[in-house]
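For reference, the structure discussed in these notes is given below.
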Ligand SMILES: [Zn+2]
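Numbering (my numbering), first residue to last: 4 to 251.
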């Protein structure tokens with residue numbers, strides 16, 4: 004399908020959601036809608052950027068859509084949570100930018116796929132609290148204890164809005180690019196059909212090795228060294244879920 008047709012179909016979603024107003028929605032009910040769509044050529048390939056509004060966290064999330072995803076099954080999806088220090092500035096305290104770059108590069112070579120860029124800075128605690136947690140880590144706490152010391156959970160992120168964003172894009176089922184088993188569980192909890200997992204761990208650097216090992220030991224993340232061969236790991240998960248291979 005040509006780019007022009009893909010944009011036309013995505014534009015139709017803006018029209019679909021135009022009258023899907025917050026007015027009349029009772030308190031606490033989740034309303035996610037697409038407000039704008041545009042082309043977004045990137046250094047990793049050509050995407051469409053889809054802008055969402057919602058009434059739950061009221062943050063301005065986006066989806067980067069590659070190819071035609073509407074009504075499709077087995078769509079490769081990466082959910083990336085915003086990290087200003089990593090994504091934009093290139094901080095080496097975490098692996099966020101490596102994760103983002105690798106996801107865009109992978110998706111940019113596929114016929115179709117989606118990257119959800121979620122504005123959940125600092126595993127959901129926000130930018131200022133993330134810097135407070137860094138300060139505590141400079142004093143010797145690990146990333147989990149620092150969050151706990153500030154009165155937060157280890158991971159405050161929630162994927163209810165992300166699940167509805169995928170539903171808004173009329174995606175039938177996904178293959179999730181992740182090394183975080185919690186993301187799979189949450190998406191399935193919120194009704195997304197997850198056909199399988201595509202391993203997405205990146206090699207550590209000297210600054211983030213302890214951070215990554217802490218996430219693995221205390222939060223159940225899978226490390227680069229855990230993943231072994233990508234094909235083997237994906238195959239194992241596929242078999243356990245009884246799903247077919249992704250179209251890519
Ligand atoms: Zn980060």
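The beta carbon of each residue, even a glycine, is placed where N, CA and C say it ideally should be.
- Separation of the CB atoms of residue 137 and residue 96 is rounded to 7 angstroms, and the pair is thereby assigned contact status at 8 angstroms.
- Inclusion of residue 115 and residue 71 in the CB contact set at 8 angstroms is warranted, their separation being smaller than that value.
- If you compare the alpha carbons of 65, 100, 118 and 40 with that of residue 78, the shortest gap goes to 118.
- Taking the CA atoms as reference points, residue 67 sits about 33 angstroms from residue 153.
- Listed in chain order, the non-local C-beta contacts of residue 128 below 8 angstroms within the same chain comprise 136, 150, 153, 155 and 159, local neighbours out to five positions each way being set aside.
- The C-alpha of residue 8 is placed about 43 angstroms away from the C-alpha of residue 211.
- Unbroken beta strand (DSSP E) stretches of 3 residues or longer found wholly inside the region 118–197: 177–180, given in chain order.
- If the five residues before and after residue 207 are omitted, its C-beta is found closer than 6 angstroms to the C-beta atoms of 215, all from its own chain and listed in chain order.
- DSSP, reduced to helix, strand and coil, places residue 17 within a helical segment of the structure shown.
- Remark: the C-beta of residue 34 is outside contact range of ligand 1, defined as less than 7 angstroms to any heavy atom.
- DSSP, read as helix, strand or coil, puts residue 42 in strand.
- In the three-state scheme derived from DSSP, where H, G and I count as helix and E and B as strand, residue 222 is classed as helix.
- Going by beta carbons, residue 205 and residue 98 fall inside the 8 angstroms limit.
- Just so you know, the alpha carbons of residue 224 and residue 218 end up roughly 6 angstroms apart.
- When distances are taken from the beta-carbon of residue 129 to the heavy atoms of ligand 1, even the shortest one reaches 7 angstroms or more.
- In the structure shown, residue 49 adopts extended strand secondary structure according to DSSP, grouped into three states.
- Residue 55 has 37 as its beta-bridge partners, per DSSP.
- By alpha-carbon distance to residue 213, the top candidate from 201, 203, 202 and 226 is 226.
- The three-state reading of DSSP puts residue 110 in helix, counting H, G and I together.
- Rounded to whole angstroms, residue 89 and residue 15 show a C-alpha spacing of 34 angstroms.
- Those residues placing their Cβ nearer than 5 angstroms to any heavy atom of ligand 1 are, following chain order, 86, 89, 97 and 99.
- Exposed is the label assigned to residue 142, since fewer than 16 other Cβ atoms lie within 10 Å of its Cβ.
- Residue pairing from DSSP places residue 201 in a beta bridge opposite 180.
- Here residue 186 is buried. Its C-beta has 16 or more other C-beta atoms within 10 Å.
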